[in-house]
Every structure is written in C-alpha cells, then in structure tokens.
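Single-structure report; data block below.
Chains as they are written, first to last, in my numbering: chain A, 8 to 228; chain B, 8 to 228; chain C, 8 to 228.
Here it is in structure tokens:
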C-alpha cells in the first residue's frame with residue numbers, strides 16, 4: 008500500500024503553500040505584487056509543472072482550481088494578514104516544522120513520480136532521462152525562481168550555478184529509485200518511494216528541530 | 008452568425024501589422040534589425056502563438072505563410088519606406104484609429120477563443136484555466152516583448168510587473184465569457200464574443216478619437 | 008543511398024563533442040562548472056533538441072544515454088585532463104580540422120532533416136515553416152547559448168542580434184533544400200542533402216586549413 012499517502016492532499020497543500028509563501032517575505036520582491044505572487048507560485052508548483060509540460064501534459068494547477076486558489080489565500084495571509092497574525096502563528100516551531108515537512112513530502116513524491124514516469128516513457132535501460140527528470144521534478148521550480156530572481160536583479164545564491172543540498176539530495180533520491188526499483192528490482196516501487204520520502208522527511212525534520220546542518224551528502228562534496 | 012467576422016482576415020492582418028510595427032519605431036530597438044523584427048513580431052502574434060503552443064498546436068504563422076510575409080512587408084514599409092511616406096500616411100487619424108481597431112478586434116477574438124478552448128480542454132467547472140488562457144491570449148505577446156526589452160536593457164514599464172489597462176480589460180473579458188457563456192449560460196458563445204469584442208473596440212476607438220483615458224476598469228483599481 | 012552517412016555516428020559524436028567543448032575553455036565560464044557544462048551542452052545539442060521539442064518529440068539525448076555521457080567525458084577531458092594533454096593532442100591541425108568537420112556534418116544534416124520534417128508537417132506549399140525550422144536546426148543551439156551568455160553577463164557577439172556566416176549559410180542551405188527538393192523537384196532528397204552537406208563541409212574544411220575567411224555568402228551582405 009501507499010503508506011506515504013495517508014495524509015489528505017488538501018492539508019499537505021495548505022501546509023506546503025504556507026511554507027513556500029513564508030520564504031518570499033523578502034523586501035526585494037514586495038514592490039511588484041504580481042511578480043512576487045507568480046515567482047513564489049513557481050517556487051511552490053514549478054517543478055511538477057515543468058515535468059508535466061515535458062511529458063506533454065498540462066500542469067496540475069490548470070487541471071484543478073484548488074491548487075492556485077489555495078495557494079493564493081495562503082500567500083495573501085502569510086504576507087498581508089492584519090497585524091501579521093498568520094505569520095506569527097505560522098512561526099511557532101511545531102507548525103513551521105510541520106509545514107516544512109509537507110513541502111518535503113510533496114517534493115519527495117514528485118521526484119519518485121518523475122523517475123518512474125521517465126522509466127515508463129524512455130524504457131528501463133536509460134540512465135540520463137530518469138535522473139534528469141528526477142532532478143527537474145525536485146528542483147525545477149527552484150531553478151526557474153532563481154533565474155527570475157537573477158534577471159530581476161535580486162542578489163541571492165543561484166542553485167543552478169552552485170548546486171547545494173537541494174540538488175544533491177534530489178539527485179541521490181532519483182538514483183536510489185532508478186537502481187533499487189528499475190535496475191536491480193530489489194524493492195517494489197511503493198516501498199522504495201516510502202523509503203526515499205521517509206529519509207528526506209527525517210532529514211528535513213531533524214534539521215528544523217535541532218538546527219544542525221544534517222546534510223547526509225556532505226561526504227560526497 | 009458570427010457578426011464580428013464580416014471583415015476579411017487579410018485586411019485585418021495588414022492593419023494589425025501596420026499598427027504594431029508603428030509601436031516599434033523607437034530608436035533603442037533599431038540598432039539590431041533582426042532582434043527588432045522578431046520582438047515586434049512577437050508583440051503582434053506572440054499571444055496567439057503562446058496559446059497554440061500551450062494547447063500542443065502549432066502557431067498560426069507556421070501553418071500559413073501569409074502572416075509572417077504580410078507582417079514583414081508592413082514592418083519594412085512603416086520603418087524604412089523612402090521619405091517615411093508610409094508612416095506619414097499611416098499617421099493620419101482615421102487610418103491610425105482603424106488600424107488600432109483591427110488590433111483590438113484580433114486581440115478580443117483571441118481572448119474569446121482562448122477561453123472557449125480552455126473550457127473545452129479542462130471542462131466547464133474550472134475557473135483558473137480559462138482565465139489564465141484568456142489573459143495569455145490577450146496579453147501573452149506583451150509579456151514576452153516586455154521580457155525581451157527588459158533583458159536587452161530597454162527602459163519601459165513592464166506590463167507583467169505593473170498590470171495596466173491591457174491586462175485588466177483582458178481579464179474582465181475572459182471572466183465575462185466564462186460566466187455568461189459557460190457558467191450561467193445566459194448568452195450563446197457567438198453573442199457573448201460579439202458583445203465582448205464590441206465593448207473593447209468601442210473603448211479603443213473612443214480613446215483614440217477623443218484622447219481621453221477611457222479606462223472603464225479604473226474603479227477596480 | 009545515403010552517401011553522407013558512411014561515417015559511424017559514434018565517431019562523429021566524439022569528434023563533435025571535442026570540438027564544441029574546446030570552444031568553452033574561456034575563463035569567464037569556468038567559475039561555475041554546472042552552468043559551464045550545460046551551456047556548452049546546449050551549444051552542442053541544443054539545435055536538434057529545440058527542433059525535436061517543437062515537433063512534440065523528445066530530445067535525442069533523453070532517448071539515448073550515449074549522447075550526454077559521451078559529451079560529458081569529452082568535455083571533462085578537453086577542460087580538465089592532467090597536464091592538459093587531451094587539449095594539446097586535439098589542437099594539432101588535422102585533428103582539430105577533422106573534429107570541426109564532424110560538427111559541420113552533424114549541423115548540415117540537422118538542417119536538412121529539419122527542412123524535410125517541416126515540409127512533412129506543414130505541407131510542401133509553405134515557405135516560412137521549412138526555412139524557420141532549417142535555421143533553428145542549424146543555429147538554435149547558438150541562439151540559446153548566446154542568450155545564456157548574455158544573461159550571465161559574458162561579453163561576446165550575439166549571433167541572433169548580428170547574424171553572421173553561421174545563420175546566413177544555414178538559411179541558404181535550407182532555401183536550397185526547399186526549392187531543389189520540394190518546390191521544383193530537381194533533386195531527390197538524399198542527393199540534395201549530400202550536396203548541401205558537402206558544400207558546407209568543404210567550406211568549413213577550407214576555412215580551417217587555409218585560414219582564409221571562405222565566406223561564400225559574402226556578396227549577399
């Protein structure tokens with residue numbers, strides 16, 4: 008069974024939206040709210056949209072109204088609620104940690120789905136396509152957001168130019184799925200996905216709760 | 008019947024091309040004529056191309072030679088005719104107003120078609136997709152041109168960052184089609200399109216002839 | 008028969024990769040190796056990928072692992088081999104000329120294939136689409152690389168803004184295929200392709216061996 012699927016999608020969506028919106032409270036963005044909204048929306052849902060477009064499918068937020076509308080409400084509340092009350096509640100550690108966990112879960116699932124989809128389309132003997140789409144499914148939105156920030160003149164590290172933990176962990180997950188499920192067939196697809204999601208979630212939660220840089224790919228650097 | 012369709016497309020095409028080309032006589036662009044040509048071509052036909060590409064179709068100007076060739080001739084004449092005679096004739100008020108009207112007609116039709124197409128693809132219960140494609144079908148070319156201008160270092164207001172009348176009127180038209188035709192079924196599709204096109208055309212013509220800023224969405228600001 | 012097809016693709020791939028990688032030894036790029044790698048990879052395989060994507064197909068390097076892996080090895084060796092030994096061997100005139108010839112062969116084939124494909128999709132009566140895709144199949148990667156360089160702040164001439172021999176020769180080849188094969192049916196498709204590839208190859212080889220600017224489109228300027 009899909010043990011990693013027991014949380015309702017609507018709840019994950021709200022928590023994910025709160026977490027991503029909270030990353031875009033920087034003052035450089037707030038001058039132009041439409042750009043601010045779309046850049047942060049791309050950060051939240053750009054990875055999945057990119058993968059869908061590459062596979063000649065429509066982005067999920069065009070197929071289901073709930074995604075854009077939920078995100079818009081969460082984004083508005085995090086940035087512009089009276090007395091900033093929503094952000095103050097959000098900032099309490101357990102809530103913030105839970106929301107970050109939701110983002111990690113959705114991202115980890117997206118990586119797994121992208122890898123499995125690439126294997127279906129390009130065949131099980133390929134390496135490049137599943138890894139490429141795995142990384143795109145995990146970090147594509149970040150790359151797009153970084154590019155927009157760079158063009159708009161906002162100074163921040165560019166993930167694509169200096170790959171950090173985000174790209175490395177996603178790359179390792181994609182390689183794990185590809186080899187464990189499709190090459191050596193050690194694990195069934197849903198078990199591998201559960202393991203991959205759990206490892207990323209544990210790491211993300213651990214980093215948030217302890218403040219330690221729990222970067223398990225550090226030795227690879 | 009399609010009452011808004013009585014003008015031959017070829018004539019609309021010439022007038023639309025003259026109007027858009029006349030917007031790109033700015034000196035900042037003239038240094039590199041290939042970039043100048045393509046940027047203005049995107050301003051003229053980018054919206055429809057974007058919508059076609061999103062729906063996995065080919066842009067109209069790849070399917071029919073007449074579009075690019077007509078535009079190229081008009082663009083050349085408006086920018087480089089001997090003694091600037093073509094631009095001087097074009098600049099007479101009735102001709103300029105008629106050409107602007109042609110652009111408005113094509114744009115208004117494009118918005119209507121994009122909304123109806125999105126409803127066909129994504130179903131009548133969706134809000135986000137029809138409004139998104141309606142705005143893209145009306146202003147997508149402007150967003151692309153603004154982005155190109157911004158990257159090329161040309162200073163002008165960016166429609167996407169500071170949405171003006173162009174985006175707001177297109178958004179309202181798309182919402183009108185969606186609610187009147189597809190949600191409440193008050194109006195048949197061609198009647199709604201005729202009304203939408205007429206309102207936009209009347210507003211555009213009125214603004215050109217009187218010089219007043221006839222911005223009927225002003226109260227929404 | 009496909010007389011221009013007697014060289015094994017694997018050999019052409021290695022030589023093409025060496026040639027393109029050698030163009031990206033500039034110091035401005037070397038700061039961020041992932042960007043350096045992808046920009047040069049786009050220069051090498053972006054044209055074909057663009058044409059494939061436009062025709063709703065997947066890029067060749069996603070369908071076949073060999074392309075990306077071969078390119079990665081060649082790129083690494085040309086830029087980072089111990090004592091720069093690979094680049095020193097590569098720089099000997101016959102090897103360098105042969106590698107440049109491989110790039111020219113692949114590019115010339117790509118132009119021919121793009122034109123023939125556009126004729127199949129858009130019909131034999133069109134002019135714009137075959138010429139557009141012919142130029143995209145020959146120079147699309149260059150346009151993308153130039154754009155990336157421009158955005159990254161690297162000063163170099165922009166092919167798209169100031170079209171040089173690259174764009175002009177590709178445009179003339181595409182026009183030759185379109186008129187000789189599809190309009191006047193003077194030549195069968197494979198003979199025309201062989202002629203087009205041979206002319207471009209002879210010109211490229213001649214320019215490399217003599218150092219003269221053998222630009223046979225110069226009178227057209």
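In this text, a Cβ means the ideal position worked out from N, Cα and C, and glycines have one as well.
Within chain A, partners of residue i - CB distance below 8 Å
| i | result |
| --- | --- |
| residue 66 (chain B) | Ordered by position in chain A, no residue passes the 8 Å Cβ test against residue 66 (chain B), which lies about 17 Å from the chain. |
Backbone CA spacing between residue i and residue j [nearest angstrom]
| i | j | result |
| --- | --- | --- |
| residue 8 (chain C) | residue 120 (chain C) | The pLDDT assigned to residue 8 (chain C) is 39, lower than 50, so where the model puts this residue is not dependable, and the model offers no usable value. |
| residue 194 (chain B) | residue 165 (chain B) | 35 Å |
| residue 19 (chain C) | residue 75 (chain B) | 37 Å |
| residue 84 (chain C) | residue 135 (chain A) | 20 Å |
| residue 192 (chain B) | residue 131 (chain B) | 11 Å |
| residue 66 (chain C) | residue 81 (chain C) | 20 Å |
| residue 113 (chain C) | residue 171 (chain A) | 36 Å |
| residue 69 (chain A) | residue 59 (chain A) | 11 Å |
| residue 72 (chain A) | residue 157 (chain A) | 30 Å |
| residue 294 (chain C) | residue 211 (chain C) | It is not possible to answer for residue 294 (chain C), since the shown part of chain C is limited to 8 through 228. |
| residue 98 (chain A) | residue 98 (chain B) | 59 Å |
| residue 100 (chain A) | residue 94 (chain A) | 12 Å |
| residue 42 (chain B) | residue 161 (chain B) | 13 Å |
| residue 176 (chain A) | residue 30 (chain B) | 49 Å |
| residue 92 (chain A) | residue 102 (chain A) | 14 Å |
| residue 235 (chain C) | residue 150 (chain A) | This structure leaves residue 235 (chain C) out entirely; chain C is present only between 8 and 228. |
| residue 90 (chain A) | residue 155 (chain A) | 30 Å |
| residue 133 (chain B) | residue 21 (chain B) | 36 Å |
| residue 163 (chain B) | residue 44 (chain A) | 21 Å |
| residue 143 (chain B) | residue 32 (chain B) | 25 Å |
| residue 15 (chain A) | residue 196 (chain A) | 21 Å |
| residue 88 (chain A) | residue 88 (chain B) | 57 Å |
| residue 201 (chain B) | residue 64 (chain B) | 25 Å |
| residue 96 (chain B) | residue 106 (chain C) | 55 Å |
Any C-beta of chain B under 9 Å from that of residue i
| i | result |
| --- | --- |
| residue 170 (chain C) | yes |
| residue 41 (chain A) | yes |
| residue 94 (chain C) | no |
Short Cβ contact (9 Å threshold) for residue i with residue j
| i | j | result |
| --- | --- | --- |
| residue 199 (chain B) | residue 181 (chain B) | no |
| residue 57 (chain B) | residue 148 (chain B) | yes |
| residue 213 (chain B) | residue 185 (chain B) | no |
| residue 48 (chain A) | residue 26 (chain A) | no |
| residue 189 (chain C) | residue 122 (chain C) | yes |
| residue 216 (chain C) | residue 104 (chain C) | yes |
| residue 203 (chain C) | residue 125 (chain C) | no |
Beta carbon proximity, residue i to chain A, threshold 9 Å
| i | result |
| --- | --- |
| residue 73 (chain B) | no |
| residue 136 (chain B) | yes |
Chain C within 9 Å of residue i, Cβ atoms only
| i | result |
| --- | --- |
| residue 27 (chain B) | no |
| residue 86 (chain B) | no |
| residue 76 (chain B) | yes |
Interface residues of chain B facing residue i [CB-CB closer than 7 Å]
| i | result |
| --- | --- |
| residue 158 (chain A) | 158 |
Interface partners of residue i on chain C, CB under 7 Å
| i | result |
| --- | --- |
| residue 129 (chain A) | 69, 70 |
Within chain B, partners of residue i - CB distance below 8 Å
| i | result |
| --- | --- |
| residue 63 (chain A) | 63 |
CB-CB length for residue i against residue j, believed under 8 Å
| i | j | result |
| --- | --- | --- |
| residue 108 (chain B) | residue 208 (chain B) | 6 Å |
| residue 174 (chain C) | residue 46 (chain C) | About 19 Å; that fails the 8 Å criterion. |
| residue 178 (chain B) | residue 138 (chain B) | 7 Å |
| residue 62 (chain B) | residue 128 (chain B) | 7 Å |
| residue 145 (chain A) | residue 205 (chain A) | About 16 Å separates the two Cβ atoms, so there is no contact after all. |
| residue 17 (chain C) | residue 39 (chain B) | Actually they do not touch by this definition, with Cβ atoms about 40 Å apart. |
Interface partners of residue i on chain C, CB under 8 Å
| i | result |
| --- | --- |
| residue 139 (chain A) | 69 |
Under 9 Å by beta carbon: chain A residues contacting residue i
| i | result |
| --- | --- |
| residue 133 (chain B) | 69, 70, 71, 72 |
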